[in-house]
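**Q** Taken in order, the sequence shown gives residues 732 to 978; the numbers are from the working numbering. Quick reminder that beta carbons are idealized off the backbone N, C-alpha and C, glycines included. First the structure, then my questions, so here it is.
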Amino acid sequence: MNKPLLKLKDVTTGYFSETVLRNVNLDVFPNDFVGVIGPNGGGKTTMVKAILGILPLFKGSITFPLGKPRMGYLPQVSSIDKSFPITVKDLIGQGLKSKSVLMPRLNREQKDRVYQLMAEAGLNKFAQKPIGELSGGQLQKALLSRAIINEPQLLILDEPNTFVDKGFEKELYQWLQFLNKKMAILLVSHDIGTISPIVKTIACVNGDLHYHPSNQLTEEILKVYNCPVDIIAHGPVPHRVLKEHNL
732 MNKPLLKLKD
742 VTTGYFSETV
752 LRNVNLDVFP
762 NDFVGVIGPN
772 GGGKTTMVKA
782 ILGILPLFKG
792 SITFPLGKPR
802 MGYLPQVSSI
812 DKSFPITVKD
822 LIGQGLKSKS
832 VLMPRLNREQ
842 KDRVYQLMAE
852 AGLNKFAQKP
862 IGELSGGQLQ
872 KALLSRAIIN
882 EPQLLILDEP
892 NTFVDKGFEK
902 ELYQWLQFLN
912 KKMAILLVSH
922 DIGTISPIVK
932 TIACVNGDLH
942 YHPSNQLTEE
952 ILKVYNCPVD
962 IIAHGPVPHR
972 VLKEHNL
């Protein structure tokens, strides 16, 4: 039987004395593409922080049965300090550097990799531009390039379509489908309608987690798992979006 790349077993965690996630179980296998959905405040980002080792567990375990994988992480745009004085080229190159204080310069091979990704993302002409001068979509391209430059085995994205236009959103998801041939992906979103056509399976997070081995969710299933839905419009196309509510 194939072993999972990532295994969450009976994970309970939160902040200080507040429990946000209870008894969460999830296996992620190589080349999985899991859409992690749920309302704001339901625990999606909390689960991501636990997987990344940022947030300690109250109980349970998070393990990597195939060995600790290389991980790429694309945080929410709102968590990025756009005033930080760094260029697009240097931002992407950060993904190749160690976490030590004394970070070495990139070698020729690494620089070539940076320029290769900038070309793929259409960012070559912005190489020397400060990130504060980028549009939302351009910044997301740069951040995603940084996340994948070390060729991760597991890529985690937290609400990547926030503050981007629909044209970039389509481009982003096409890129992710291509990347999924080489890596497993966890895509966090509260917008079911946007991500369901591209993911392979769905994990519904709302205090606990319910896993669905397909990308199709009916209104009945969402009601059973206490995931209320609003219909909102992005331009001319309506989408189902999970509402914020109390657990």
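(1) One question on the structure: do Glu900 and His921 come within less than 9 Å of each other, judged by their Cβ atoms?
(2) Report all residues from its chain with a CB closer than 7 Å to the CB of Arg878; omit the five preceding and five following residues, and keep chain order.
(3) Which residues in the same chain as Lys790 place their Cβ atom closer than 6 Å to its Cβ, once the five residues preceding and following it in sequence are excluded?
(4) State the Cα-Cα distance for the pair Leu917 and Lys897, rounded to the nearest angstrom.
(5) For Gly898, which three-state DSSP category applies?
(6) So that I know if they touch, is there some Cβ in chain C lying closer than 9 Å to that of Pro806?
(7) Who pairs with Ile926 in a beta bridge, going by DSSP?
(8) Under the three-state reduction of DSSP, which class applies to Phe747: helix, strand or coil?
(9) Quick check on the DSSP output: the beta strand (DSSP E) that includes Ile793 runs from which residue to which?
(10) For Ser814, which three-state DSSP category applies?
(11) Just verifying my parser: in three-state terms, what is the DSSP assignment at Leu888?
(12) Classify Thr794: buried if its beta carbon has 16 or more other beta carbons within 10 angstroms, exposed otherwise.
(13) How would you label Arg844, buried or exposed, when you count the other beta carbons within 10 angstroms and need 16 or more for buried?
(14) Tell me where the alpha helix (DSSP H) around Gly824 begins and ends.
(15) Could you give the residue range of the alpha helix (DSSP H) that holds Leu874?
(16) Which stretch, first to last residue, makes up the beta strand (DSSP E) that contains Val765?
(17) May I ask you to report which of helix, strand or coil DSSP gives Ile782?
(18) In angstroms with no decimal places, state the Cα-to-Cα distance between Leu837 and Gln871.
(19) Is it right to say Phe815 is buried, meaning 16 or more other beta carbons lie within 10 angstroms of its own, or is it exposed?
(20) If we ignore side chains and look at the alpha-carbon of each, how far apart do Ile817 and Pro861 end up?
(21) What is the DSSP secondary structure of Arg753, reduced to helix, strand or coil?
(22) Counting C-beta neighbours from all protein chains within 10 Å, is the total for Gln884 16 or more, i.e. buried, or is it exposed?
(23) How should Phe857 be labelled, buried or exposed, when 16 other C-beta atoms within 10 angstroms of its C-beta is the threshold for buried?
(24) List the whole-angstrom C-beta distance separating Gly867 from Val808, where the pair is believed to meet the contact cut-off of C-beta under 8 Å.
**A** Straight from the coordinates:
(1) no
(2) Checking the displayed sequence, the identity of residue 878 turns out to be Ala instead of Arg. Counting only Cβ-Cβ distances below 7 Å, and skipping sequence neighbours, we find Gly803, Tyr804, Leu805, Gly826 and Leu886.
(3) Thr743
(4) 21 Å
(5) helix
(6) Absence of chain C from the displayed structure is noted, only one protein chain being present.
(7) Partner(s): none; Ile926 has no beta bridge.
(8) coil
(9) Leu788 to Thr794
(10) coil
(11) strand
(12) When all chains shown are included, Thr794 counts as exposed.
(13) Buried.
(14) Val819 to Gly824
(15) Per DSSP, Leu874 belongs to the alpha helix (DSSP H) from Gly867 to Ile879.
(16) Phe764 to Ile768
(17) helix
(18) So the alpha carbons of these two residues sit roughly 22 Å apart.
(19) exposed
(20) 6 Å
(21) strand
(22) Around the C-beta of Gln884, 16 or more other C-beta atoms lie within 10 Å, and the residue is accordingly described as buried.
(23) That one is buried.
(24) 6 Å
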